[in-house]
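Residue numbers (our numbering): 595 to 831.
All C-beta atoms in this analysis are idealised placements derived from N, C-alpha and C, irrespective of residue type, glycine included.
Please read all numbers here as calculations on a predicted model, not as lab measurements.
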């Protein structure tokens, strides 16, 4: 998805693991507990997919694109615990409505972003998930976001909630966000993202005192959705 319009590639490229019938998840779903239980008492996230080692003192929280996304590859590559809360309450966007070429599809997309895809609500939950890990004594908490989720993780970085974040084929990429990040960041846009906004982001982020830990690469010949293998290049802290 580009910063100003849906990307066809983002909505049609299959996931890394396409044989879903034979694939065996390496983690499991567990009950999710909010750090602020009172705040989310009426509409809590009830479960999270957890994979990877739990004794490294490092946790990576994943927020997927609007269609859902996996986490096993991250845990295997980075050797860290990965927590993927069910932010959409098992109701991701139905792929059949993308690209939104009909009035019905446009209405469904609009409704999704008003409720399930509301940036403020998902950001608050992402920050809460990070705090829940810190409450367990985890020393380093990072976040990885894909497309829609990339915007949310970047906003979480701006909030100072993470030790590092990564944005994979980020939707709604804004150069001004680079001025406000608080921790190292990796950004991997495809050819479908706005290059002007990306360049502005890089320029601003590279003025930060932690600039040497940032990682940037634009995949000029790849479509959105093909960058999932870059999850291993989360900035080291």
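{"Item": "For residue 754, I'd like the list of residues in its chain whose CB is within less than 7 Å of its CB, leaving aside the five on either flank, ordered along the chain.", "Value": "776"}
{"Item": "Quick check on the DSSP output: the alpha helix (DSSP H) that includes residue 842 runs from which residue to which?", "Value": "Examination of residue 842 is not possible in this model, given that the chain is present from 595 through 831 alone."}
{"Item": "Could you tell me whether the Cβ atoms of residue 760 and residue 780 are closer together than 7 Å?", "Value": "yes"}
{"Item": "When you compare only the Cα positions, how much space is there between residue 718 and residue 764?", "Value": "19 Å"}
{"Item": "Thinking residue 654 and residue 737 are a contact (beta carbons under 8 Å), I'd like their distance in whole angstroms, please.", "Value": "7 Å"}
{"Item": "Going along the chain, which residues of its own chain have a beta-carbon closer than 7 Å to the beta-carbon of residue 645, five neighbours each way excluded?", "Value": "620, 621, 665, 666, 669, 676"}
{"Item": "In this structure, does DSSP put residue 703 in helix, strand or coil?", "Value": "helix"}
{"Item": "Going by Cα to Cα distance, which pick from 815, 711, 770 is closest to residue 793?", "Value": "770"}
{"Item": "Take the Cβ of residue 625 as the centre, count every other Cβ of all protein chains shown within 10 Å, and call the residue buried at 16 or more, exposed below.", "Value": "exposed"}
{"Item": "Between residue 832 and residue 695, what straight-line distance do the alpha-carbon atoms span, to the nearest angstrom?", "Value": "Past the edges of the chain, shown from 595 to 831, lies residue 832, and the structure says nothing about it."}
{"Item": "If you measure between the beta carbons of residue 784 and residue 813, is that distance less than 7 Å?", "Value": "yes"}
{"Item": "If you reduce the DSSP assignment to three classes, tell me which class residue 782 lands in.", "Value": "strand"}
{"Item": "For the candidate residues 772, 731, 788, whose alpha-carbon lies nearest to that of residue 795?", "Value": "772"}
{"Item": "Checking the sheet assignment: what are the DSSP bridge partners for residue 657?", "Value": "739"}
{"Item": "Which residues share a DSSP beta bridge with residue 764?", "Value": "In DSSP, residue 764 forms no bridge with anything."}
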